[in-house]
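Working notes for the structure below.
2 protein chains.
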Amino acid sequence: MRSTMQDVARECGLSMMTVSRVLRGQGYVSAATRERVVEAAKRLDYELNVLAQNFARRRSGLVGIAAPFAGLIGSHYFGEIIRGFQRAFEDSEWNLVLFDILSPSFDDGKKLAGLFRTRKVDGLLVVAPGAKDKFLDTFSDLQFPLVVVGKKVTNAKVCCVSCDDRHGIELACAHLHALGHRKIAFVGGPLGFSVAQERERGYQEFSRAKKLPIPPEFLQRGDYSMLSGRRAGEALLNGKRRPTAILAANDMMAFGVMESARELGVSIPDELSVAGFDDLPTAAERFPSLTTVHQPVVEMAEQGASLLRSWMENDHTPKRKIVVPVSLVTRESTAKR
Amino acid sequence: MRSTMQDVARECGLSMMTVSRVLRGQGYVSAATRERVVEAAKRLDYELNVLAQNFARRRSGLVGIAAPFAGLIGSHYFGEIIRGFQRAFEDSEWNLVLFDILSPSFDDGKKLAGLFRTRKVDGLLVVAPGAKDKFLDTFSDLQFPLVVVGKKVTNAKVCCVSCDDRHGIELACAHLHALGHRKIAFVGGPLGFSVAQERERGYQEFSRAKKLPIPPEFLQRGDYSMLSGRRAGEALLNGKRRPTAILAANDMMAFGVMESARELGVSIPDELSVAGFDDLPTAAERFPSLTTVHQPVVEMAEQGASLLRSWMENDHTPKRKIVVPVSLVTRESTAKR
DNA sequence: TTGTAGGCGTTATCAG
DNA sequence: CTGATAACGCCTACAA
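So the protein lines, in turn, are chains A and B. Okay, so the first sequence: first residue is 343 according to the working numbering, each after it adds one. Okay, so the second sequence: first residue is 343 according to the working numbering, each after it adds one.
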């Protein structure tokens, strides 16, 4: 980049301020003057120096995405999240920067706040399904634009947008129950994840409400991976009391359960119904296709990002908590008992 | 953020320059002076203003990741890419910014160069498996740090790091051939992807070298999705000339082929061998587990990012093209004919 | 080893 | 509607 605003101002015989106003489309400038400026800028191949602009405006133009890379970043879920963020910002000058909260430099939550204080970012979108809530408590007193996406945060002061996980599981349970299933097993996620806790609670509450007993072996737990689902499926299908339906806390584990059924020659859905949670693209593509709970991840992320955006742009704190609804997608893997 | 370097300088009775040197860990400062500065900074809760620093240094501290979001961003592949990038920069002050080259604002390649000229980024990592090479030709004359990752670029001036796709397919073919297979079908990817072309060529060259005929119906093509693999599998297994082995250009399509086999009651690997490419985590977790070609995506991305980094930091143009080797992982889905 | 001078390119503020 | 002036907070280059 070569020429500066100074040059353009000289070229068209106007002041830098006028040039600035025109190029930024702000303030009152007469059409004729505007024309002159635009032409001069074009003649000189002028391009704005973003660095100088940011400095003068005291902002970075950056929105931080803080997430634990390990485990999250290759997932379909995170992809949808990013897509939602992007959608909320694509008509703006904001850009998205990635931060791995698991990296050594983020040993505590204060580092995140530091990103804002040092003006590395103007706001933060936190995607932290597995993090302890403590991590987020350090933000309670710091007032800067921050929205947590994908997880309900207990801290009353922190904004968040999440899906109604518990209700989703209840929908799936109700579906299986309506099909006549009474022996419904559950493969939960790791309890360190608040989302996993929510889903497990949904299962337990439904069972209690319907007075379905839960033998201890009916409550398996995996780590969200297909392999762990497969192991859980094996345990359930080989157990002395075999369930007629297995509900998994995510699709990957449901896929694992299906694999185990295949391995053991158990036919789905004739002998066993299986349901999941997430509605991955492959859930519809498998044979049999998987009944699952659909969560509108893109929309959720977009809402969160929009929240943050208005917070950053209008300097008013938006409302605190949003829960988006989920829905059940019925497919081939579940059938009447 | 409140206090500035000026304040710290006053507080410890030294010049701003000395403070700057200490805080940045550059230049010669006596231990005693250093101590004074550090203490003063701590007393004043001083934090560097990154915006001012960047402005003065004429750099943004940002590395752009340019990728087509649709289709790529939720994939395991892209996750590994990001992880590799992160690894190359985690001990540095560089941060990663995301740009969607499919967004309306990137209607041509020049916009990417604009990111550099306006100092939005100091360098660019391009992950564009599907983009036409034309897109990249616009960079040929622009000399700024840019590395293409995951794809071989024909343009001689552009740096790139990619895997040896063709050889990977050849490895898989050779494996099947060694097991006695002579009727090997191939499910290729969309030809718009140069990687897909490479893999398909590998199949064709191997077949030619071994004098294996390729009936037209043996060359199927999908869109990298599981569903398209399933459809291809159905076509192949229902065809009049059934292959004894099916090799897919990626794991997802190989999974689809496996689904179709299940649906049609074809046993793997007894009646049909199946192999893929990518080595997704689930390739090992499925039943049967999938023989596939492993590509070291993280390492490839890390190499690309390191290349870019030294280019940005040392201002010397690194060597142009790197091809990393791939390897075959033999699992349950392939067996003797 | 420390300090001085000058500038980086834009925007805010206020006056005309 | 347009312009002059003053920051913005740090770094580079050079001097002492």
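Ideal Cβ placement from N, Cα and C applies to all residues, glycine included. None of the values given here were measured: they were computed from a predicted structure.
Here B:ASP621 is near B:VAL671, since their CB atoms are less than 8 Å apart.
DSSP links A:PHE441 through a beta bridge to A:ALA408.
Residue range 568–580 is occupied by the alpha helix (DSSP H) that includes A:LEU578. Of all residues in the segment 384–396 of chain A, those with a C-beta nearer than 8 Å to a C-beta of chain B are GLU389, LEU390, ASN391, VAL392, LEU393, ALA394 and ASN396, reading in chain order. Its chain contains GLY465, PRO487, THR659 and PRO660 as the residues whose beta carbon lies nearer than 7 Å to that of A:TRP653, once the 5 sequence neighbours on both sides are disregarded; these appear in chain order.
Taking a contact to require three or more Cβ pairs closer than 8 Å, the segment 528–547 of chain A and the segment 563–571 of chain A qualify as touching. Chain-order list of chain A residues neighbouring B:HIS418: GLY416, by C-beta distance under 7 Å. The beta-carbon distance between B:LEU632 and B:ALA625, rounded to whole angstroms, is 4 Å. This is short enough to meet the 8 Å contact definition. Taking the beta carbon of B:ARG461 as reference, the chain A residues within 8 Å of it are MET343, ASN391, VAL392 and LEU393, listed in sequence order. Pairing A:VAL500 with A:LEU467 gives a Cβ-Cβ distance that is not under 8 Å. Beyond the five residues adjoining it in sequence on each side, B:LYS678 comes within less than 7 Å, by CB distance, of LEU521 and GLY522 in the same chain, given in chain order. Residues of the same chain with a CB within less than 8 Å of the CB of A:THR676, apart from the 5 flanking positions on each side, are HIS517, LEU518, LEU521, ALA587, PRO611, SER615, VAL616, ALA617 and THR633 in chain order. According to DSSP, B:ASP621 shares a beta bridge with no other residue. Under the three-state reduction of DSSP, B:ILE556 is assigned to coil, being neither helix nor strand.
The three-state secondary structure of B:THR634, taken from DSSP, is strand. Chain A places a beta carbon closer than 8 Å to that of B:LEU438, counting this residue as a contact. B:ARG651 is outside the set of residues whose beta carbon lies under 8 Å from a beta carbon in chain A.
Of all residues in the segment 561–578 of chain A, the ones placed with a Cβ closer than 8 Å to any Cβ belonging to chain B are SER567, MET568, LEU569 and ARG572, in chain order. In the DSSP secondary-structure assignment, B:LEU561 is bridged to B:PHE528. At least one beta carbon of chain A lies nearer than 8 Å to the beta carbon of B:ARG628.
About 10 Å separates the beta carbons of A:MET347 and A:VAL364, which is beyond the 8 Å limit, so they are not a contact pair. Contacts between A:THR624 and chain B, judged by CB atoms closer than 7 Å, involve MET568 in chain order. When the beta-carbon positions are compared, A:THR480 and B:VAL392 stay at least 8 Å from each other. Nearest neighbour of B:ALA590 by Cα position, chosen from B:CYS515, B:ARG662 and B:ALA647, turns out to be B:CYS515.
DSSP places B:ALA677 in the coil class of the three-state scheme, outside both helix and strand. When the five nearest sequence neighbours on each side are left out, the beta carbons in the same chain lying within less than 6 Å of the beta carbon of B:VAL469 are those of ALA409, ILE423, VAL491 and GLY492, in order along the chain. At a beta-carbon threshold of 9 Å, none of the residues of chain A lie near B:GLY618; the nearest stands roughly 14 Å away.
With a cutoff of 8 Å on beta-carbon distance, A:LEU649 and A:VAL405 are scored as not near each other.
Residues of the segment 510–530 of chain B with a C-beta less than 7 Å from any C-beta of chain A: none at all. Judged by their CB atoms, B:ILE415 and A:GLY421 are nearer to each other than the 8 Å cut-off.
A:SER669: member of the beta strand (DSSP E) spanning 669–671, first to last residue. For a cut-off of 8 Å, the C-beta gap from B:ALA383 to B:VAL350 is around 5 Å, short enough to register as a contact. Segment contact: the segment 502–512 of chain A against the segment 530–550 of chain A, three or more CB-CB distances shorter than 8 Å; contact assigned.
DSSP, read as helix, strand or coil, puts B:ALA587 in strand. When the five nearest sequence neighbours on each side are left out, the beta carbons in the same chain lying within less than 6 Å of the beta carbon of B:LEU606 are those of LEU579, in order along the chain.
Against chain B, the CB of A:SER445 has a partner CB under 8 Å away; the residue lies at that interface.
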